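The block underneath contains the structure these notes are about, expressed in structure tokens.
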Amino acid sequence: ESNRTSKTLSESQKKNSKLQIHTKLSLATQAYGQYNKIVKEEAILRKQQITFEALYFDFIKRQEQALNKFLEIFSHDINDYYTSMNPNEKVENIKLVPLTDNNNDLAGITIEYDFYDETKSPPIAYLSESHINCLGLSFYLASVKAFNKQNSFFILDDIISSFDRPHRTRFARLLTDKFSDYQII
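Residue numbers for the sequence shown follow my numbering, so the first one is 1492 and each next one is one higher.
Printed below as a string of structure tokens:
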């Protein structure tokens, strides 16, 4: 009996065109409301995307500026220490230079220097082992100044065994002139 009643109601609804039109209009109104809601949400999300992209590009620009400023200061110290240990050697203007990939993203850092007034890189191509050791030591000492703000000491282990007497004297002078406020072990 209930199946027959249900079937009769379903058939009568299918034949009732006013009810079908009302149902379709209700569904269309509901879908249009949902569509407008999605359009508004999309507009908000696009504005957020534009804002985040602008923030990201500004952050990258500021990060690049800060890195370049740090590398400039760090390079100045490396150059200063190296040229103190190796005066009149025609190796000058030592600097750390950022390397970028095809997307202009930071891929690494290299060392450039002027060798007989020509810019060269990498150091191993033109410098002797002794000069590369001096460069490494200069890099270490610049790191001490840049990153060792809290502690007033640093440790060196058998660094002058490959230096000749004049280099040892200049290195000792460099330590007393530039690192007198540190305890050196």
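Glycine included, each C-beta is placed from N, C-alpha and C at the ideal position. Treat the numbers as computed from the prediction; the structure is a model and nothing was measured.
Contiguous alpha helix (DSSP H) elements confined to the segment 1584–1658 occur at 1620–1638, taking only those with 4 or more residues. Looking only at 1598, 1591 and 1605, the smallest Cα-Cα distance to residue 1579 is reached by 1605.
For residue 1673 against residue 1645, the beta-carbon gap comes to about 6 Å, under 8 Å, which counts as contact.
Excluding its 5 nearest sequence neighbours in each direction, residue 1584 has C-beta neighbours in its own chain below 7 Å: 1570, 1604 and 1605, listed in chain order. Collapsing the DSSP output to three states places residue 1569 in a helix.
Residue pairing for residue 1541: DSSP places it in no beta bridge. Taking 8 Å as the upper bound for CB-CB distance, residue 1577 and residue 1625 are in contact here, some 6 Å apart. If you draw a straight line from the Cα of residue 1665 to the Cα of residue 1657, it comes to about 12 Å. Assignment of residue 1564 by DSSP, reduced to helix, strand and coil, places it in the helix class. Excluding its 5 nearest sequence neighbours in each direction, residue 1586 has C-beta neighbours in its own chain below 6 Å: 1566 and 1603, listed in chain order. Close CB contacts of residue 1600 within its chain, under the 6 Å cut and outside five residues either way in sequence, are with 1587 and 1589 (chain order).
The beta carbon of residue 1537 sits closer than 7 Å to no other beta carbon from its chain once the five residues preceding and following it are set aside. In chain order, 1565, 1568, 1569 and 1572 place their CB closer than 7 Å to the CB of residue 1633, counting only its own chain and leaving out the 5 sequence neighbours on each side. Residue 1670 sits close to residue 1635, with the two beta carbons spaced by under 9 Å. Within the same chain, Cβ atoms closer than 6 Å to the Cβ of residue 1659 are found at 1651, the five residues on either side in sequence being excluded. Distance from the Cα of residue 1649 is smallest, within the candidate group 1637, 1620 and 1628, for 1628.
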